[in-house]
Amino acid sequence: MANVDAREPLAKAYDPKGVEDRIYEAWEKSGLFNPDNLPGERPEPFCVIMPPPNATGTLHIGHAMFLTLEDLMTRFHRMRGKDALWLPGTDHAAIATNTKVEKILATEGKTKYDLGREGFIERVKEYIAQSQGTIRRQIRKMGSSCDWSRETYTFDDERTRVVREMFTRMFNDGLIYRGYRIVNWCPRCESTLADDEVEYREEPSKLVFMRYGPFIVATTRPETKLGDTAVAVHPDDDRYKDRIGTEFEVDFGIGSQKIRVIADEEVDMEFGTGVVGITPAHSAVDFAMAEKNQLPMKKVIGEDGKMTELAGKYAGMEVVEARKKFMEDLRVSDLIEKEEDFNHNLSICYRCSTPIEPLTSRQWFIDVNRSVEARGGKTLKEMSIDVVEDGSTRILPERFEKVYKHWMTNLRDWCISRQIWFGHRIPVWYCKSCYVENDAPEKVGDSSGFERAGQAGVIVSTDEPTECPACGGEIEQETDTLDTWFSSGTWTFSTLGWPDDPNGDLKRFHPTQCLETGYDILPFWVARMILMTTYAVGEVPFEVAYLHGLVRDEQGRKMSKSLENIIDPLDVAEKYGTDAVRLSLTIGNTPGNDMKISEDKIEYYRNFTNKLWNISRFILGSTEVQKYRSTGVPEPVTLADRWILGRLDEVVESVTNDIEGYNFSRPGETLRDFTWNELADWYLEIAKVEGDKQDILSYILRTVLKLWHPFMPFVTEEIWRQSFAEEENDFLMVAGWPSSRGAKGAGAGEGAEESFNIVKDVVVAIRNIRATHKVAAGKRIDVVIYGGEKTKLLQEQAEIIRALAKLGNVTIVESGEAPENAAAAVQHGVQVFVPLGDLVDLDEERKRLEDELDNAKKYADSLRKKLDNEQFVSKAPPQVVDAERAKLAEAESRIVKLEEQLKAVG
RNA sequence: GGACGAUUAGCUCAGUUGGUUAGAGCAUCUCGUUUACACCGAGAGGGUCGUAGGUUCGAAUCCUACAUCGUCCACCA
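For the first sequence, the positions run 7 to 912 when our numbering is used.
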């Protein structure tokens, strides 16, 4: 902060370098990011929990956007007097981090098995510790006003305890069970995947028509037919109706297989032969059909990606190899009817793109359809849908509520166990002496083999048990880890101290006000948070889920390394300043829609930053220190004063309402237009003419800086520190938000806008004439104005008109004859004549007037036609009809005046 | 197959409950260094609001089809 009494003028141009780090340090040192240190009573909370970036990641433009938006809301509400907390954190991102470290090991020629489980996890932790600092620094660089004293990490001790607590509660409520069901298996990751972690890739393949007992069955995966236990047909298919319910046997060279014929609506009669081979153990759809029909399952592919013993002579072969061999054998036995080319949608792992092998496996699941007594007997699914339907949680934009409900309605039991090493280890221990693993059920849909609460020898605990509480026997912990999203689902409350709430944060800040994140993780994360939180805490995690879009390049493409179109937020922040980057990510950004960004756009906002700087430079430079420190609402003296103060009030009101309503682009535009087009281009120019406006100017600047602060914190704070701040801890960041009734009380506004616009339009009309007749810029010319009923107004504002239009003599009278050889214009019934003598190009002027007259006539005609329409006059609201009449009257008077002027030109 | 979004000036987009001669920024053209700013100022040109119907006194705005582009979900064996 500059010395109050010996204030240095602001530098000629704003240079963000150096300023930003210094300002951020001062903020952080002040402790004001922490709501505990905020001044005043703050009964209402405003809390946003930061979606945690990967601890091992680096900041990309998408992060920059969400940090900008979340910081914007937090700063706004902090200034509005809320108990504002933005809580930062990082994510251990189990699968992603595993993959990353495995890749690093690969460059050293090692695999995770060379290190062993313990060694590998150590290595992962080292890697995270070393890279976590990077992302923290980068978050700061964006100006994020988050409370670092409350920073958390999804894999730290407290969060780990919450995960265990959560697992234990869900297990005891019967919501978590260990069962033998179909899962998505990635042979490369050697782990299960959730349904939404599976992606699809179209690939050409063959559709094989196999002779299959009495049928012919079409398939793209012939080798899985070794695991078939049924075929399905459509119940209405006349070709096969008679066979429904019967059984037959086939032999594909590994012995006889018993096959039942079942009927299911899902079967497409048109596709292939209308008969589908059902492989319960290796297809989710088949598994579902098998569940309905209690079919036996036969697992022919193992977790190692090889055929199992049940595949007979193919046992031990890789799947691809087995398919080839099986096809050869089928050909030899003449069991292939034909083959067709076919585009197959191959399911692949979203992390490593390896083809997924659906298979049945013993895993841990969350039962989404079991009613929970403690929650009114509702199931997890029902609770999650209800809170969105009753508005406890709103999703913005609203259309995503439909997506959410659809997803939630179709949710199947969620497989939460993963076989990767790095992650929250499942808090289950098995007793070596009294635990007997249940046999896998023989039939699909038979849950008798599931292991739930109460199973002998299974210990679920939040602590580290050392022996079996039942028999004292030796125990060993489950080796599987939890799906990352299990812990992410607890994010809003695990970060706030659930379940014990040691420092009262949970009570103080939960449910949080807003979760701001991308629409692409609506199902992954948003849905899971709602599900987990509603169950655990009994309240929603957030009142609003604001879903932003993706940032794309200027051609609308995703940014990617291979396209070389990545905009690195830190690079451009360095080049143009963080504020410019933030503005370019805010303005033009609407929820749920992708946005395009380019360096040109950022450059434009850099220019704006500098404009604001120079506006401040001008105002502060022309104002005495004592004056600009006065804080009252100033008294408007002139028309321009009343106009600008009235406009400022309107801007305060609309900006406030917009941000309250989670609308961030429009207030940015409103402010930019006001600051640049109204304040700088008009009012400051007038201030130079009228003079003596120190109070008003400093009031306007102070207000504008406050309004801009959530959008561009650095430059505004810097200006504040160099001017208004009176002591070390006087930060714009915690200044009170302006009230929209600031100047209204002082009589601003009232009709000023209408009057001022007339003056403005007269000036523009004269400038227009100067430009069309190519009058030299510095040349002072004379004008004659017939003001009609606006005469008094114009006479009062004559000095402004004279200065802004660069005039010599200005004659303003009520009316008169149109002078000869003058360029002319009509605005609001006011006639303006610029007698230019030789300077006026009569042909040019005639043409210009004729065009205008033509326009005016067409316009008047269309209005007349409208008013002649009886339907319109009788049915439209009276004020609309009156408005049209007024427009017509003005248009007609304009026509008369234009005709006069045209005549004068000859 | 289902759902959703987009389609407005050369480009990027506003246009909130139907009533403006359809707006802004960039780009383009013309002029200009007036002591806050050339990272600037002044002025101008440029659009039958994707197409076809419909509702209405009145449609960029509401309804119905269709087209093009894009996204998500499901997945057909």
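Each residue gets a CB set at the ideal place from its N, CA and C atoms; glycine is no exception.
Do you know how far the Cα of residue j is from the Cα of residue i?
i                 : j                 : result
phenylalanine 221 : valine 273        : 15 Å
serine 262        : glutamate 363     : 25 Å
alanine 551       : threonine 360     : 33 Å
glutamate 759     : arginine 648      : 8 Å
glutamate 457     : histidine 288     : 22 Å
glycine 149       : proline 719       : 7 Å
alanine 38        : lysine 581        : The identity of residue 38 in the sequence shown is leucine, whereas the question assumes alanine. So the alpha carbons of these two residues sit roughly 28 Å apart.
histidine 240     : tyrosine 541      : 40 Å
phenylalanine 406 : leucine 301       : 38 Å
aspartate 11      : phenylalanine 737 : Confidence in aspartate 11 is poor, its pLDDT being 49 and thus under 50, which makes the residue's placement unreliable; the coordinate value appears in the next sentence. Spanning the two alpha carbons is a distance of roughly 18 Å.
valine 169        : arginine 376      : 21 Å
glutamate 297     : lysine 607        : 56 Å
lysine 567        : isoleucine 593    : 26 Å
lysine 909        : leucine 690       : 39 Å
asparagine 416    : glycine 280       : 26 Å
glycine 122       : asparagine 104    : 13 Å
proline 15        : glycine 627       : 7 Å
aspartate 577     : leucine 65        : 11 Å
arginine 900      : leucine 800       : 18 Å
proline 228       : isoleucine 527    : 36 Å
isoleucine 465    : glycine 429       : 20 Å
asparagine 669    : asparagine 349    : 44 Å
arginine 588      : leucine 199       : 36 Å
aspartate 600     : glycine 562       : 8 Å
arginine 870      : phenylalanine 680 : 36 Å
isoleucine 145    : tyrosine 159      : 15 Å
Assign residue i to buried or exposed, taking buried as 16 or more other Cβ atoms, counted over all protein chains shown, within 10 Å of its Cβ.
i              : result
valine 25      : buried
isoleucine 806 : buried
leucine 136    : First, the amino acid is wrong: residue 136 is glutamine here, not leucine. Glutamine 136 is exposed by the Cβ-count criterion.
asparagine 861 : exposed
glycine 583    : buried
tyrosine 206   : exposed
alanine 829    : buried
glutamine 519  : buried
asparagine 178 : exposed
asparagine 43  : exposed
arginine 28    : exposed
aspartate 77   : buried
proline 30     : The displayed chain sequence assigns tyrosine, not proline, to residue 30. So tyrosine 30 ends up on the buried side.
So residue i and residue j are supposed to be a Cβ contact under 8 Å. How far apart are they, rounded?
i              : j              : result
valine 189     : serine 367     : 5 Å
isoleucine 650 : isoleucine 706 : 7 Å
alanine 586    : arginine 612   : 4 Å
tryptophan 619 : isoleucine 692 : Rounded, the Cβ-Cβ distance is 21 Å, inconsistent with contact.
isoleucine 372 : tryptophan 435 : Their Cβ separation, rounded to whole angstroms, is 20 Å, which puts isoleucine 372 and tryptophan 435 out of contact at 8 Å.
isoleucine 573 : glutamate 609  : The pair is not a contact, with the Cβ atoms about 12 Å apart (cut-off 8 Å).
lysine 923     : threonine 285  : In the structure as shown, the chain starts at 7 and stops at 912, and residue 923 therefore has no counterpart that could be examined.
Leaving out five residues before and five after residue i in sequence, what residues of the same chain have Cβ atoms less than 6 Å from its Cβ?
i              : result
glutamine 837  : Tyr792, Lys903
isoleucine 625 : Leu703, Leu707
serine 660     : Thr676
tyrosine 865   : Ala897
Leaving out five residues before and five after residue i in sequence, what residues of the same chain have Cβ atoms less than 8 Å from its Cβ?
i             : result
glutamate 345 : Lys212, Leu213, Val214, Phe215
threonine 629 : Gln700, Leu703, Ser704
lysine 88     : Arg48, Glu50, Pro51, Phe52
glutamate 473 : Gly479, Glu480, Ile481
Excluding sequence positions up to five away, which residues of its chain have a Cβ less than 7 Å from the Cβ of residue i?
i                 : result
alanine 913       : With the chain covering only 7 through 912, there is no way to say anything about residue 913.
tyrosine 183      : Phe371, Asp373, Phe456, Glu457, Arg458
leucine 924       : The structure shown does not extend to residue 924, since the chain is modelled only from 7 through 912, so no value can be given for it.
glycine 251       : Val267
phenylalanine 530 : Asp202, Trp491
**Prompt:** Mind pulling the beta strand (DSSP E) runs of 3 or more residues that sit fully within the stretch 681-749?
**Reply:** none
**Start-end ranges of the alpha helix (DSSP H) lying completely within the stretch 445-520, minimum 4 residues** = 490-494, 497-500, 511-515
**Runs of alpha helix (DSSP H) lying entirely within the stretch 287-333, each at least 4 residues, in chain order** = 290-299
**Message:** Suppose only complete runs of 3+ residues qualify. What are the beta strand (DSSP E) ranges in the stretch 833-909, listed by chain order?
**Reply:** 836-841
**Segments assigned alpha helix (DSSP H), at least 4 residues, entirely inside the stretch 156-244** = 163-178
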